[in-house]
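Visitor: Residues 8 to 293 in the working numbering are what the sequence shown spells out, letter by letter.
Idealized CB from N, CA, C, for every residue including glycine.
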Amino acid sequence: MKVEILSRKFIKPSTLTHHSLRDHKISFIDELAPSMNVPIILYYPAQCNNDTAKNASLFNQLEKSLAETLTQLYPLAGRYIKDDHVIYCNDQGVDYVEARVDVQLLEFLDHGDKPQFFNQFIPRETGAVDETTDPLLSIQLSMFECGGLAVGVSMAHRIADASTLSTFLIAWAIASRVGIDNVTVHPSFNSVFVPGRNLPVLNLGIPRSGDNGAKTRMFFFNKKAISTLRAKASTDNDNKGTHEGAAGVSSYMEGTGCCGSGKTWAPMGLWCAPDNKLEEKNSPSS
C-alpha cells in the first residue's frame with residue numbers, strides 16, 4: 008500500500024482572531040499534560056463510484072468548512088509558547104494534508120491488524136509537539152481508489168483532551184454538512200482551573216520522530232460489539248450507563264495487561280466499525 012501526499016498547507020481561520028484574544032493562558036492541568044499529539048483516524052465509505060470532480064468538490068468543502076470552524080475554536084490555529092505556558096492565538100493555521108491511496112478502502116480494512124499502516128494516515132509524529140513552530144492541530148484527508156476517505160486528525164494533548172477533540176470534529180462535521188451558521192457548539196475559553204505554575208513537564212520519553220521500538224496493542228470492536236456496549240451502557244440511565252460502558256471497556260483493557268508498568272509509553276488503537284457517513288453540503292448529483 009502506498010499513500011502519496013498530493014498537497015500540504017496551513018489552513019487559517021476564515022476570520023482573524025481579535026487582538027484581545029491573542030494570549031490564552033493554559034491551566035495547571037494542561038501544564039501537566041504529556042508532551043504528545045493525540046491521533047485519531049476516521050474511515051468513511053464511498054457514497055458512489057469514484058468521481059474525480061466530486062472528490063475535488065468534497066475536499067474544497069471540507070477545507071472551507073475547516074477554516075470557518077477555526078473561527079470558533081481559534082486556539083487550535085495558534086502556537087504554544089512553552090516558556091510562558093501560553094497559546095499564542097496568532098492564526099498561523101492548522102497543518103492540512105491531502106493524499107491519495109493506491110488501494111480500495113475495504114482492501115485496507117481487511118488488513119487493519121497491521122498498525123504500521125496507520126502512521127501513513129496521521130499527518131504528524133506523536134512526539135512532534137511543544138515547539139513554537141509545531142501546529143496544535145494537523146489533519147490529513149486520504150482518498151482511496153474507490154472514493155472512500157480516511158480523515159486523520161492529530162491534536163496536541165497540551166491543549167486538548169478527548170472531549171475537546173470530539174467537540175472539534177462535531178463542529179467541523181456540522182459546518183461541512185449544513186453550514187457554519189448551524190453549528191451549535193460554542194465553546195468558552197474562560198478560565199475554570201487556576202493558571203499554570205511552572206510545574207515539571209511529564210516526560211514519557213516520546214521521540215519527536217522515528218521508531219522508538221514501542222509495541223502497539225490493537226483492540227477490535229465490530230458493529231455487533233459496539234451495539235452490545237451501547238445496550239449495556241443504557242441499562243439504567245444515560246449518565247450512569249455511559250460511565251459504566253466506558254468503565255467496562257477500560258476494565259477489559261486493563262485485564263489484558265495493555266496498561267503495562269507505567270514506565271514506558273506504548274501506542275494503543277481502538278478499531279471501531281464505522282456507521283456514520285461524511286456528507287458534502289449541497290452535493291451535485293452524479
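Determine the burial state of His118: buried for a count of at least 16 other Cβ atoms within 10 Å of its Cβ, exposed for fewer.
Guide: So His118 counts as exposed.
Visitor: Can you tell me whether Asp188 is helix, strand or coil according to DSSP?
Guide: The answer is helix: DSSP assigns Asp188 an H, G or I state.
Visitor: Please state the DSSP three-state secondary structure of Asp37.
Guide: In the structure shown, Asp37 sits in a helix (DSSP, three-state: H, G or I).
Visitor: Could you please give the first and the last residue of the uninterrupted alpha helix (DSSP H) stretch that includes Ala60?
Guide: Counting along the chain, the alpha helix (DSSP H) containing Ala60 begins and ends at 59-77.
Visitor: In this structure, does DSSP put Lys16 in helix, strand or coil?
Guide: If DSSP states are grouped into helix, strand and coil, Lys16 belongs with the strands.
Visitor: Does the pairing of the stretch 42-50 with the stretch 158-166 give three or more beta-carbon distances under 8 Å?
Guide: Yes, they touch.
Visitor: Can you find the residues in the same chain that come closer than 7 Å, C-beta to C-beta, to Glu11, ignoring five residues on each side of it along the sequence?
Guide: Excluding positions up to five away in sequence, the list reads Ala106, Arg107.
Visitor: Put His26 into one of helix, strand or coil per three-state DSSP.
Guide: Of the three classes helix, strand and coil, the one that applies to His26 here is helix, per DSSP.
Visitor: Assuming Ser21 contacts Thr78 under a Cβ cut-off of 8 Å, what Cβ separation, rounded to an integer in Å, is found between them?
Guide: That belief holds up - the Cβ atoms of Ser21 and Thr78 are roughly 6 Å apart, short of 8 Å.
Visitor: Whole angstroms is fine: what's the gap from Val185's alpha carbon to Ala178's?
Guide: Approximately 11 Å, taken between the alpha carbons.
Visitor: Would you mind sorting Glu138 into buried or exposed? The rule is 16 or more other CB atoms within 10 Å of its CB.
Guide: With fewer than 16 Cβ atoms within 10 Å of its Cβ, Glu138 is classed as exposed.
Visitor: Spatial neighbours of Trp100 within its chain, please: C-beta separation below 6 Å, excluding the five flanking residues on both sides.
Guide: According to the sequence displayed, residue 100 carries Gly and not Trp. These residues qualify, in order along the chain: Phe17, Ile18, Lys19, Ala84.
Visitor: Buried or exposed, going by whether 16 or more other CB atoms sit within 10 Å of the CB of Pro82?
Guide: So Pro82 counts as buried.
Visitor: Whether or not the stretch 145-160 and the stretch 86-95 are in contact is what I'm after, with contact meaning three or more pairs of Cβ atoms, one per stretch, closer than 8 Å; do they touch?
Guide: Counting Cβ pairs under 8 Å, fewer than three are found: no touch.
Visitor: Would you mind listing the beta strand (DSSP E) stretches within the stretch 143-177 that are 3+ residues and don't spill past its ends, in chain order?
Guide: Fully enclosed beta strand (DSSP E) runs of 3 or longer: 144-150, 156-163.
Visitor: In the DSSP assignment, find the beta strand (DSSP E) that holds Ile213 and state where it starts and stops.
Guide: Taken as a continuous stretch (DSSP letters only), Ile213 belongs to no beta strand (DSSP E), as it is neither H nor E.
Visitor: Name, in chain order, the residues that DSSP records as bridge partners for Val101.
Guide: Ile18, per the DSSP bridge assignment.
Visitor: Work out the CA separation of Ser170 and Ser27 for me, nearest whole Å.
Guide: If I take the Cα positions, the gap works out to 26 Å.
Visitor: If you draw a straight line from the alpha carbon of Arg237 to that of Ser183, how long is it in whole angstroms?
Guide: The straight-line gap from Cα to Cα measures roughly 27 Å.
Visitor: In chain order, what residues of the same chain lie with their CB nearer than 7 Å to the CB of Ile181, ignoring the 5 residues before and after it?
Guide: Contacts found: Asn189, Val190.
Visitor: For Ile48, which option in Ser34, Gly154, Leu176 has the closest C-alpha, if you only look at C-alpha atoms?
Guide: Out of Ser34, Gly154, Leu176, Leu176 has the C-alpha closest to the C-alpha of Ile48.
Visitor: Quick check: what's the CA-CA separation for Phe228 versus His25?
Guide: In a straight line, the C-alpha of Phe228 is about 44 Å away from that of His25.
Visitor: With a threshold of 8 Å (Cβ to nearest heavy atom), would Asp37 be considered close to the ligand FMN?
Guide: In the structure shown, the ligand FMN is absent, as is every other ligand, since no ligand is present at all.
Visitor: Tell me whether the beta-carbon of Ser216 lies closer than 9 Å to the beta-carbon of Glu114.
Guide: Contact: no.
Visitor: Go through its chain and collect everything with a Cβ distance to Leu23's Cβ below 7 Å, but skip five positions before and after it.
Guide: Cβ within range, chain order: Asp98.
Visitor: Have a look at the DSSP bridge pairing and note the partners of Val45.
Guide: For Val45, which the question treats as bridged, DSSP gives the partners Met162.
Visitor: To the nearest angstrom, how far is it from the Cα of Gly154 to the Cα of Phe125?
Guide: Roughly 18 Å separates the two Cα atoms.
Visitor: May I ask which residues mark the beginning and end of the alpha helix (DSSP H) holding Ile233?
Guide: Note, Ile233: alpha helix (DSSP H), 230-240.
Visitor: In whole angstroms, what separates the C-alpha of Asn62 from that of Ile129?
Guide: Rounded to whole angstroms, Asn62 to Ile129 spans 20 Å at the Cα level.
Visitor: CB-CB under 6 Å to Asp109, same chain, minus the five flanking residues each way: which ones, in chain order?
Guide: Closer than 6 Å at the Cβ level, and outside the excluded window around Asp109, lie Lys9.
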